[in-house]
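Take the sequence shown: its position 127, counted from the start at 1, is 131 in this note's numbering, and no numbers get skipped. Ideal placement from N, C-alpha and C gives every residue a C-beta, glycine not left out.
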Amino acid sequence: MVASALGSNLDPANLDQTEASRGLARLGIDVGGTFTDLVLLQDGQMQTAKVLSTPSPEEGVFAALDKLGALQGELRVDLFCHGMTVATNALLERKGSPTLFLTTAGFRDVLAIARQNRPSLYDLTQPKPEPVVPRHHCLEVKERCSAGGVLEPLTDAEIRRVVQEVGERVQRDGIRAIGVGFLFSFLYPEHEQRLGMALRQAFPELHLSLSCEVAPEFREYERFSTTAIDAYLSPALAGYLHRLAQGCRERGIPQPLIMQSSGGVTSIAQAAAHASVALLSGPAGGVYGAAYLGRLSGYPHLLSFDMGGTSTDVALIQDGIPQVTPAAVVCGLPVQQPQIDIHTVSAGGGSLAYLLPGGGLQVGPESAGSNPGPACYGRGGTAPTVTDANLWLGYLPDGGRLGDSVQLRRGLAEQAIATLADPLGLSLQETAVGIRTLANVAMSRALRVISVERGLDPADFALLAFGGAGPMHACALAEELGIRTILIPAACGVLSALGMALADLRRDYRRAILQPLRQLTSASGGSLLAQWAEPLIRQARADLQDPALHFSLDLRYRGQSFELEIPVRLSDPIPHLEQQFHQAHRQRYGWQDLAQPVEAIQLRLQAVQALPTVPLTAPHPLPGDPLKGRREAWFGGRMCSVPVYDRQRMGVGFQLRGPAIVEMPEATAVIEAGWTGVIDEVGTLILSCVRDSGTKSW
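See the structure below:
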């Protein structure tokens, strides 16, 4: 049975912060490619559930709810935050809705032409990703604006013509969504707004995305691409969210707030209207949770490392705050929406190992997914995966269970690995080690991208490992990168769901400036930033209740093609802003030019409304000896007997020394020789390297 203290129509603005002291229950659910994870926080304690994801994602959500409800008897939920891969999968598989894209006459080919950079610099035959809207669904509209104003007005007659043509396309092609992107609409949105009003009146059943609402930024290709993607994905996401909300009402729990790619949650209506804000909601939840737990444990500078079943996501956290990028490339296409700066590689527990045509061993990017999954799951898979290698090497227990539905079988893993060992002329052991090593190489490279390639030393950060497979590889990666501290949360297998349960409401706003920074100086010598920010502040305070406001400027040297986002205060003098930019440019690129004029491109506002907090404490240990026994596993270049610990029986202050294996409800930690561990006050296992750095364990 599921009950709610606040009813099914939750208004977060009505929740008082003092509710936390009265047992507020916050629920987070993350739908991943392999598993659906649930975390419930109440009275400082955490309850979790994990089930296999389903083809219809809402069924996995309800299965997780029913599972936890069956264990608890009555499940009380006050606040429900949710992230999922629905929009991402629809883009990956190109299963969005038939979409029209309306644009300024003469620019219907912008989506197809894209940019001149190629996916592979020296491969002239490799095709670019296809736009989500084909050319025959791109229609031209007679209107034109420039940076100086309107060049060709949008007439009423042209609006009537466009509406009529759209109606014909809806009947003929089954169009379900429309995107509108005009030149310079980020400065002059009136043409898009007038056409949008007419289209909404004529076709209320269609989804409509206007670029002046979705991505009011300059660079027409990136803005058009984001708008087209938003329109293409929104009907599918809206349908899912409608089914999810209906199921929540039937179970008596609040309709969910939706995790955004930027790391905060938004209303279900906002997410349904603009799917582009939730493209990376699942990984964003994990980074948000990592930053929160890192702060609680006293480690504000982190590299987050999330290794799941299909991929690995890594991110940079500085001063306890995840780094957010104003744009990203998703499935090869640009998306101009604020997103936690996550770098993803195709290396997960389910990544398939196979032979290249030349006879070499390759791991990924293909994955076994949840169905059939790795060979050791016994669900029909026959190709070896990283999970099969870890099981054969003894890191996972033969006969162990993942959730309640999957039992690991070492014999099946051995059969799968043998299909590669024989043609390679290697032993099973050598092949399994090779599979694991190749996965580690890919993940190590990803961690270097977000640290070394940005002028940062990984040794200055702690590594926070989570995901079902992350703690199994954390020590090996830390030794490769010279990192001497690793954090493994008690809920590392469901950390994305935990991050969602802890998230605050967030909205992002932006305004194009496009002028030299020194022109933002008033006649009296003060900054004009406050005047530029005023409409953004009004909108933020209309959307959220007493939000915290954080501003940033996109700055660049004159003539550069790309910008750096610099945090600012509206009261900062212009010379101070210039100095901040010079320093940031030197850190990122290794040089600065103090004589070069600086241009202001965009003013950004991040508005955050804090939701009621829930205190988090270390889980109460179960009675009994934490030492479960010993198991043969691969450590130090050989198979040896190592102790195996039960994480649920390890209380605050418990200490251990590697080599060892720690088994958790949703993950397993492999602790190499030369590392020691202790459980801290919030239940995180803190590993410290006590030997010389640079000694690799793989």
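Within a 10 Å sphere around the beta-carbon of F228 sit 16 or more other beta-carbons, which makes this residue buried.
Separation of A277 and G633 (C-alpha to C-alpha, rounded to the nearest whole angstrom) is 53 angstroms. Taking a C-beta distance under 8 angstroms as the contact criterion, I517 and Q584 do not qualify as a contact pair. T107 is not a Cβ neighbour of G171, given a cutoff of 8 angstroms. DSSP places D317 inside the beta strand (DSSP E), whose first and last residues are T316 to Q322.
Going by C-alpha positions, E162 is about 19 angstroms away from G153. Between L424 and T688, the C-beta gap is not smaller than 8 angstroms, which leaves the two residues out of contact.
When DSSP assignments are scanned along the stretch 426 to 481, the uninterrupted stretches of alpha helix (DSSP H) that are 4 or more residues long and fall wholly within it turn out to be 432 to 453.
Taking the C-beta atoms as reference points, A552 is found no nearer than 8 angstroms to V648. For P287, the secondary structure class from DSSP, reduced to helix, strand or coil, is helix. As summarised for the stretch 177 to 216, the continuous alpha helix (DSSP H) elements at least 4 residues long and confined to that stretch are 194 to 206, given in chain order.
Here V333 is exposed: its Cβ has fewer than 16 other Cβ atoms, across all protein chains shown, within 10 Å.
Under DSSP, the beta-bridge partners assigned to P571 are S556.
In this structure, I487 sits away from H347, with a CB-CB distance that is not shorter than 8 angstroms. In this structure, the straight-line span from the alpha carbon of R511 to that of E196 is close to 22 angstroms.
In the structure shown, F639 falls within a strand segment according to DSSP collapsed to helix, strand and coil. Taking C-alpha positions only, P260 is separated from A67 by approximately 16 angstroms. A straight-line Cα-Cα distance of about 47 angstroms links G459 and D70. For A275, the CB contacts under 8 angstroms within the same chain, skipping 5 residues up- and downstream, are L241, L245, I262, Q264, V281 and A282 in chain order.
Inter-residue distance for G336 and R122 is about 10 angstroms (C-alpha atoms, whole angstroms).
Within the same chain, and ignoring the five residues on either side of G48 in sequence, the residues whose Cβ sits closer than 8 angstroms to its Cβ are V618, P619, L620 and T621. Counting along the chain, no beta strand (DSSP E) covers D508, and no H or E run does either. Spanning the alpha carbons of G352 and A443 requires a straight line of approximately 8 angstroms. The Cβ atoms of M447 and V291 do not sit closer than 8 angstroms to each other. Within the same chain, Cβ atoms closer than 8 angstroms to the Cβ of R573 are found at F555, the five residues on either side in sequence being excluded.
Within the stretch 135 to 162, the complete beta strand (DSSP E) runs of at least 3 residues fall at 142 to 145, 148 to 150 and 153 to 156. Exclusion of the five residues before and after G268 leaves A507, D508, L509, R510 and V612 as the residues of its chain whose Cβ lies within less than 7 angstroms of its Cβ. Excluding the 5 residues flanking it on each side, V318 has same chain C-beta neighbours closer than 6 angstroms at F309, H347, A450, L451 and I454, in chain order. Burial state of W595 is exposed, judged by a 10 Å Cβ sphere holding fewer than 16 other Cβ atoms. Restricting attention to S266, L125, P669 and V174, the CA atom closest to the CA of L626 is found in P669. DSSP links V269 through a beta bridge to M263 and L509. Following the DSSP letters along the chain, one finds T230 inside the alpha helix (DSSP H) bounded by residues E224 to R255. The C-beta distance from I182 to L158 rounds to 16 angstroms, too long to meet the 8 angstroms contact threshold. Note on E147: 16 or more other CB atoms within 10 angstroms of its CB, so buried under the neighbour-count rule.
Minimum Cα-Cα distance from I421 among the listed residues G678, S645 and I439 corresponds to I439. Going by DSSP, F585 is part of the alpha helix (DSSP H) stretching over I578 to Y593.
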